[in-house]
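Right, one structure below, let's go through it.
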Amino acid sequence: MSTRNLLWHLDAACVGMDPEVFYPLDLTPDSLGVAAAKRVCADCPVRGECLADVLAAEDPSRRWGISGGTTPAERSALFAVQRRTAIPVAAALREVA
Ligand code: SF4
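Position 27 (the sequence shown) corresponds to 1402 in our numbering; numbering is contiguous.
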């Protein structure tokens, strides 16, 4: 049986925040909206769990918004690394998050 904490959402730094913060219209890496969302994620105690879940469940053709402190382009790159190397990138990040 997995010991993975399925209730990680309860500890998320974004609980109760306006979801719009994580869906800026301008997703370029240096935009103010991306920076604001990433600041929240940077201090989130469950960033690794969030990123692991989004990488496992997100439709690659419909990536949008900031999740786990990453932009859609960054998640695409992580997803490609995972597929190429079979290394669970998000799980590794969870260990250091
Ligand atoms: S890492 Fe995920 S759970 Fe944490 S604040 Fe960012 S979007 Fe929310």
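By construction, the Cβ of each residue, glycine as well, lies at the ideal position given by its N, Cα and C atoms.
For Val1456, the uninterrupted alpha helix (DSSP H) run begins and ends at 1447 to 1460, by DSSP. Around the C-beta of Leu1430, 16 or more other C-beta atoms lie within 10 Å, and the residue is accordingly described as buried.
Taking the CA atoms as reference points, Arg1450 sits about 16 Å from Ala1410. The Cβ-Cβ distance between Val1421 and Asp1386 falls below 8 Å.
Annotation: Leu1402 to Ala1427 spans about 21 Å, alpha carbon to alpha carbon.
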